[in-house]
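Sequence positions in the sequence shown follow my numbering and run 500 to 1004.
Just so it is clear, CB atoms sit at the ideal spot from N, CA and C, and this is done for glycine as well.
No experiment lies behind these values; they were computed from the predicted model shown.
Here the structure is laid out as structure tokens; the discussion comes afterwards.
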Amino acid sequence: MMVFQRVYMFAFWASLFAMLLLMGIRLYYGFSLSEPLQFITSGDEQSSLFAIWKFANGLDVYSDPTRSPYSMSFFNALFYSAYGTWSSFWLYHLALADAWLPSVARIFTLFGTFTGWMIATFLFLAVSRRISAPSTWQNALIAALAAALLFVGPLTGFWAFTVRPDIWAFTFEVLGVFLLVRTYGRNKHLAVVFAAVALFVGWTFKQSAISAVCGVGLFLLFEREWRALFLYCTVYLGLCFTVISVGDDLYRQSLFFSQIELKYSLLHGLKVWANAIVKTLPIYLPLLIVLLSLIRYREFRRRFLTHWICRFFTAGYAASAGVMFLLTLQDGSAENYTLAPNMFAAGVLVCGATCLADGQSLRHVLDRTWVGAAAAHAVLCLLVVTGVTGVLDATRKTHPAWVETAQCINQQSKPVFVESTYLALPWMVDNAEHFVLSFLYHRARTHGVPHEKGGVGGRIDAGEFATLALSTNSRERGYDGSGLDRYQLTATTCGDLHIWSRTDQ
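Written as structure tokens, this is what we have:
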């Protein structure tokens, strides 16, 4: 028994150490006190950075993507206002240039990551204690590792400090669940109000953060807690509708993606979930044992379903996984869409482990499966650390290349159009107008959506730019429907961009 206890402890610390080592190395390369690093940590991060910069400078965040400069803000209002306020405060008081905005904003995301990790740890430990007091040390380790996996593990990866609303939205989802777990047994009505308010705040960061909302609602529905369900829906929907009604038309169009044509793929959604499960093995492998035991063993099923917390996390996972699976089918989705379902899955695991008493044969199977999964997870993290697979450093090549390219473009005649949306950011290339194009811009152009002045291609045909910095060196390929007839290719290249000059210069 003592030998297995040591193995159990070793698996826990190995997995935790490996994921923290991986996260620590990424943070080491992702931040610098000597220079403002320029790189991308998630898809279309530059759109978020541009919108935050606009908020910090008193400009309108939500704009019509068919009007110049054809940018779009995709997320809910609190994301931009919170990050914009945070960034402008530190940039002003530390007298930092705008180039530091990405680093300052990423620190705010990192703060949300560690806040969420702390709340998740308290949540799962509270679940374990409320089902079985006192909780065993094995259950405490399972709970602690599950919380770490959700916020600092490879599932989170660069999302832990990217400039996007996912981490803060998820943190408030975890907070809402934590408040419900802590309060529901004493005062159901107060618990659902607390949960509704916290989940609403998460929604104001990212409007697709609704899976935990559905999970709580489905639980109350199954429990037939009609008054609590009515109060929960009234508070949550009332707050949401208030915000929506206060916003203008551009805000609502961005909120509901009314001007966006999305594409859907079942294969893409399955890949997202497969990657998420691999990155959270210490949750899903032992969870499989719990689920098989629920199906096969009546006594365990009876004990599990006796506890309202177990029923809550089961209903929460069913609802959140169902909602988020549909959302992962859309292009642009990634493992961040599985954060809330994985939180409920971890809750089911902790419930199942706590309901299994020490000494039972099922408990032995669960413990050994968890040890194996934790050890495998540690190995996978170390494979990324050693460079065998995955991405360890996003800055080593990107930052110096982009800085050099931006310096080169800044030496060209203005105004200049830069095809690279990150290089088009205000602190990268000095320009009168910054064309940080939405990643859906070219899709809209392909489908014939009318754009002001004919879009970038029409403005190129009109000769509005003195210089073009494009990836193409072929007039036949053109750009955005323009044949580049008013421009000539020069011998200058800035990084991987070719410089085109207007012929009348």
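In summary, F729 is exposed, with fewer than 16 beta-carbon neighbours lying within 10 Å of its beta-carbon over all protein chains present.
Take the alpha-carbon of W585 and the one of Y591: they are about 10 Å apart. Secondary structure of F671 (DSSP, three-state): helix. The stretch 804-818 and the stretch 734-742 do not touch, with fewer than 3 CB-CB distances between them shorter than 8 Å. Every unbroken stretch of the alpha helix (DSSP H) spanning 4 or more residues and falling wholly within the stretch 637-685 is given here in chain order: 665-682. In this structure R605 does not touch T655 by the C-beta definition: roughly 13 Å separates them, more than the 8 Å allowed. When beta bridges are read from the DSSP output, H997 appears opposite L969 and T992.
Residue environment: L804 is assigned as exposed (fewer than 16 neighbouring CB atoms within 10 Å of its CB, all protein chains considered).
Rounded to the nearest angstrom, the Cβ distance from L536 to T894 is 5 Å, consistent with a contact under 8 Å. Residue pairing from DSSP places Q987 in a beta bridge opposite S1000. If you compare the alpha carbons of L761, D866 and A965 with that of S912, the shortest gap goes to A965. Just measuring C-alpha positions, the residue of Q987, L996 and D995 sitting nearest D1003 is Q987. Bridge partners of V890 according to DSSP: none are assigned.
DSSP lists Y763 as the beta-bridge partner residues of Q829.
For the pair Y783 and L861, the CB atoms are not nearer than the 8 Å cut-off. The Cβ-Cβ distance between L825 and L765 does not fall below 8 Å. Under DSSP, F916 shares a beta bridge with L967. In this structure, the beta-carbon distance from L678 to A708 does not fall below 8 Å. Where F803 is concerned, the enclosing alpha helix (DSSP H) starts and stops at R797 to T805.
Between the stretch 698-718 and the stretch 646-654, the count of Cβ pairs shorter than 8 Å is below three; the stretches do not touch.
Taking C-beta atoms as the reference points, K762 and A727 fail to come closer than 8 Å. DSSP places S562 in the coil class of the three-state scheme, outside both helix and strand. Taking the C-beta atoms as reference points, G746 is found no nearer than 8 Å to I666.
Take I788, set aside five residues on each side of it, and the residues of its chain with a beta-carbon closer than 7 Å to its own are V864, L865 and T868, in chain order.
Among the bridge pairs identified by DSSP, S981 is matched with Y978.
In the assembly as shown, Y527 is an exposed residue. Its beta-carbon has fewer than 16 other beta-carbons within 10 Å.
DSSP places F693 inside the alpha helix (DSSP H), whose first and last residues are K687 to F704. Contact annotation: F657 and T779 have beta-carbon atoms that are not nearer than 8 Å. The Cβ-Cβ distance between G714 and A814 falls below 8 Å.
In this structure V878 does not touch V506 by the C-beta definition: roughly 15 Å separates them, more than the 8 Å allowed.
Taking A647 as the centre and dropping the five residues before and after it, the same chain places the C-beta of L515, M518 and W616 closer than 7 Å to its C-beta, in chain order.
By the beta-carbon neighbour count (other beta carbons within 10 angstroms, threshold 16), K705 is buried.
Of the candidates S919, H767 and A510, the residue whose Cα lies closest to the Cα of A968 is S919. By the criterion of a C-beta distance shorter than 7 Å, A775 is surrounded in its chain by L654, E834, T837 and N841, once the five residues flanking it on both sides are discounted. Under the criterion of beta carbons closer than 8 Å, T565 and E951 qualify as touching, at roughly 6 Å.
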